[in-house]
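One structure is given below, encoded as structure tokens.
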Amino acid sequence: RDLVNKFNTYMNEYRDKYNSLFLTNYRESNSIARKRISFGLVYEICCYLLIPD
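Here the sequence shown is numbered in the working numbering, starting from 25 and rising by one per residue.
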């Protein structure tokens, strides 16, 4: 649960800071500019957040 809260906080900070430009568009989304996050990026962020301060 702590990891989920840290991850959501991290993502919200980056969404606000970069207007979600660090996320890629869905492949087949020509009409709607929806954003996605890759599993690899989720894994890397989780590993980063699990490193003790």
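Where a beta carbon is used, it is the ideal one built from N, C-alpha and C, also for glycine.
- The beta-carbon distance between lysine 30 and leucine 47, rounded to whole angstroms, is 18 angstroms. This is too long to meet the 8 angstroms contact definition.
- Relative to asparagine 32, the option among Tyr42, Val66, Asn43 whose CA is nearest is Val66.
- In the DSSP assignment, arginine 39 is bridged to no other residue.
- In the DSSP assignment, leucine 65 falls within the unbroken alpha helix (DSSP H) covering 63 to 74.
- Between the alpha carbons of asparagine 36 and glutamate 68 lies a distance of about 16 angstroms.
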